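These notes concern the structure reproduced below.
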RNA sequence: GCCCCCAUCGUCUAAUGGUUAGGACACCAGUUUCUCAAGCUGGCAAUACCGGUUCGAAUCCGGUUGGGGGCGCCA
């Protein structure tokens, strides 16, 4: 039998890390079994469902490269299907009309709660006769449709947790539809899982307690019950469920901040699953090869940003600069036309030079969004305090002298040899048997204006001969003042 | 309050009856270096508690405690 699994989000919020993780486990399981991964949008709640959220979910699943195999199903487009099932359940007396008012129910619920009981429906409308129901409907009384729940101990099997026992007498007859045309989650979800031939329901642990209710629907309709796999939850730093309402960041926010999809996927797959050997860096393709449902964890995982940051740095370092370049927003630094960058101060950087800059910068940042911050001196005129040029206790005159020496040597270096290796050699020769800092430090400050930066010879190559000389002159003049 | 789930370093986790309880992140130190970052080397750090089963328990069983989830005409 072909494995068929689904990710079934409701479009009532942006796709967040927890949702992406559920989608990922479904996706990986499907791929590992040569199965089918389905995306279903559960938009039965017309009040809260928004197109904006649906678009966000689709867009970000695509960005994460979690591609679904069949056209997207929207519950709002399948009302006929639910209608038939609701009718059948009523006809066979598995479900019934309930005319109790919301106020009445709320009152009873509060009463039960204060008495320390689990709130449940009394079953007041359970045994209304057909004619009573007809009369009430004729009178246009407000109603809902409830499922008849037997009072017995119900046992079901969870793939990870084994047998779970729930006392149905504590559950009570629950609402499956607002009316003949409007199913609620519990019903719509079950009907779709059945008609879409879902074999494994892989979803969050928060659904464990509703599972018996859903299985009851399967039983009433004589449908094959799928295998249930309840994933442990992802908890926030405060150890509560990571959810939209708790301000969990959306995937699109992570994207905007400069996280790479590879890093996010690697991060979330380790939340509740681990490959057999001690391995932290794992791609989705590798994970698919060795994925086994059995190795899924049962305990919740606390979300921890520093590991995500570590992974992002790792993947950023691995990524060739030409793949990073298109991800960068150059508008902060000048006009980028796809080939070269023209800075506000008139400096121009070719595509090749931008790649070199990215190579230097990616060692110093773990996010794409602030990648160029550490090397912004390339793109603008900058100032720095005179004292920054000084190295240890070496006096100003010596530093001026050294900068002049460097300048002379570099001036003599031919344009086409103005490369990092050659420049480094010159600096090494000048500082031979001396404290290297006397030469490297002031040049580095002259070229970057910063206390911390990449190596001066790398900066010089990218700046090019004339800009390098210009910046050295600027430093010398600053010292002479 | 009631029901359900869970329990190994601060965090993510490995070890499915026999290991000095392993790895990764974070943190700290050393190394490299003109600076920063990266890299490399090392260090700190855990089986929640109490009983039981067993020659032997992180692992199996019971209880306690702690954490989480659910108890909607939300999903």
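Residue numbers (this note's numbering): 1 to 481.
Here a beta-carbon is modelled for each residue, glycine too, at the ideal position from N, C-alpha and C.
As the structure is a prediction and not an experimental result, all values here were calculated from the model.
**Message:** Does residue 361 come out as helix, strand or coil in the three-state DSSP assignment?
**Reply:** Indexing the first chain from 1 puts residue 361 at position 361. Reduced to three states, the DSSP call for residue 361 is helix.
**Message:** For a test of the three-state rule: what should DSSP assign to residue 65, helix, strand or coil?
**Reply:** Position 65 of the first chain, counted from the start, is the residue given in the question as residue 65. Correct three-state label for residue 65: coil.
**Message:** In this structure, how does DSSP classify residue 32 when only helix, strand and coil are distinguished?
**Reply:** Numbered from its first residue, the first chain carries residue 32 at position 32. In the structure shown, residue 32 adopts helical secondary structure according to DSSP, grouped into three states.
**Coil, strand or helix - residue 222 by DSSP** = What you label residue 222 is simply residue 222 of the first chain in a count that begins at 1. If DSSP states are grouped into helix, strand and coil, residue 222 belongs with coil.
**Request:** Compare the beta carbon distance of residue 412 and residue 430 with 9 Å and say whether it is the shorter of the two.
**Result:** By one-based count along the first chain, residue 412 stands at place 412. By one-based count along the first chain, residue 430 stands at place 430. No, the Cβ-Cβ distance between residue 412 and residue 430 is not below 9 Å.
**Request:** Note the first and the last residue of the continuous alpha helix (DSSP H) segment covering residue 428.
**Result:** Taking the first residue of the first chain as position 1, residue 428 is located at position 428. Per DSSP, residue 428 belongs to the alpha helix (DSSP H) from 420-430.
**Prompt:** Along the chain, which unbroken stretches of the alpha helix (DSSP H) at least 4 residues long are found entirely within the segment 371-453?
**Reply:** With a minimum length of 4 residues, the continuous alpha helix (DSSP H) runs that stay inside the segment 371-453 are 396-412, 420-430, 437-448.
**Prompt:** Could you give the distance in angstroms between the alpha-carbon of residue 456 and the alpha-carbon of residue 337?
**Reply:** Taking the first chain and counting its residues from 1, the one referred to as residue 456 is at position 456. Taking the first chain and counting its residues from 1, the one referred to as residue 337 is at position 337. So the alpha carbons of these two residues sit roughly 28 Å apart.
**Prompt:** Going straight from the alpha carbon of residue 419 to that of residue 465, what length do you get?
**Reply:** One-based indexing of the first chain puts residue 419 at position 419. One-based indexing of the first chain puts residue 465 at position 465. Rounded to whole angstroms, the separation of the alpha carbons of residue 465 and residue 419 is 9 Å.
**Asked** Do you know how far the Cα of residue 105 is from the Cα of residue 154?
**Response** Stepping through the first chain from its first residue, residue 154 is reached at position 154. Stepping through the first chain from its first residue, residue 105 is reached at position 105. Going from the Cα of residue 154 to the Cα of residue 105 covers about 25 Å.
**Prompt:** Considering only residues of the segment 79-112, which uninterrupted beta strand (DSSP E) runs meet the minimum length of 3 residues and lie entirely inside it, listed in chain order?
**Reply:** Entirely contained in the segment 79-112, the beta strand (DSSP E) runs reaching 3 residues are, in chain order, 95-98.
**Asked** Skipping 5 residues on each side, what residues in its chain have a beta carbon closer than 6 Å to that of residue 42?
**Response** Here residue 42 refers to the residue found at position 42 when the first chain is read from its first residue. Non-local C-beta neighbours of residue 42 in its own chain, meaning closer than 6 Å and more than five positions away in sequence, comprise 8, 10, 75, ordered along the chain.
**Item:** For residue 157: DSSP bridge partner residues
**Value:** Reading the first chain from its first residue, position 157 is the one you call residue 157. Per DSSP, 163.
**Prompt:** Leaving out the 5 sequence neighbours to the left and right, which residues in its chain are closer than 8 Å to residue 51 when beta-carbon positions are compared?
**Reply:** The residue you call residue 51 lines up with position 51 of the first chain. So the qualifying residues of the chain are 11.
**Message:** If distances are taken between C-alpha atoms only, which option among 258, 31, 363, 265 comes closest to residue 329?
**Reply:** What you label residue 329 is simply residue 329 of the first chain in a count that begins at 1. Residue 329 has its Cα closest to that of 258, out of 258, 31, 363, 265.
**Request:** Look up residue 177 in the DSSP assignment and say whether it is helix, strand or coil.
**Result:** As a first step, residue 177 is located in the first chain; it is residue number 177 there, counting from the start. In this structure, residue 177 counts as strand in the three-state DSSP scheme.
**Prompt:** From the DSSP output, which residues share a beta bridge with residue 343?
**Reply:** Your numbering for residue 343 matches position 343 in the first chain. For residue 343, which the question treats as bridged, DSSP gives the partners 334.
**Asked** Of the choices 29, 72, 347, 110, whose alpha-carbon is the least far from that of residue 2?
**Response** Locating residue 2 in the first chain gives position 2, where the first residue counts as 1. Proximity to residue 2 across 29, 72, 347, 110 peaks at 29, based on C-alpha coordinates.
**Prompt:** For residue 241, which of helix, strand or coil comes out of DSSP?
**Reply:** Here residue 241 corresponds to residue number 241 of the first chain, with the count starting at 1. Strand.
**Request:** Would you mind stating whether residue 191 and residue 82 have Cβ atoms separated by less than 9 Å?
**Result:** Reading the first chain from its first residue, position 191 is the one you call residue 191. Reading the first chain from its first residue, position 82 is the one you call residue 82. Residue 191 places its beta carbon less than 9 Å from that of residue 82.
**Prompt:** What are the start and end residues of the beta strand (DSSP E) that includes residue 487?
**Reply:** There is simply no residue 487 to check, as the chain begins at 1 and stops at 481 in what is shown.
**Asked** Any idea what DSSP makes of residue 8, helix, strand or coil?
**Response** For this step, residue 8 is matched to residue 8 along the first chain. Annotated three-state conformation of residue 8 is coil, per DSSP.
**Message:** Would the segment 139-156 count as touching the segment 82-93 if we require 3 or more Cβ pairs under 8 Å?
**Reply:** Counting Cβ pairs under 8 Å, three or more are found: they touch.
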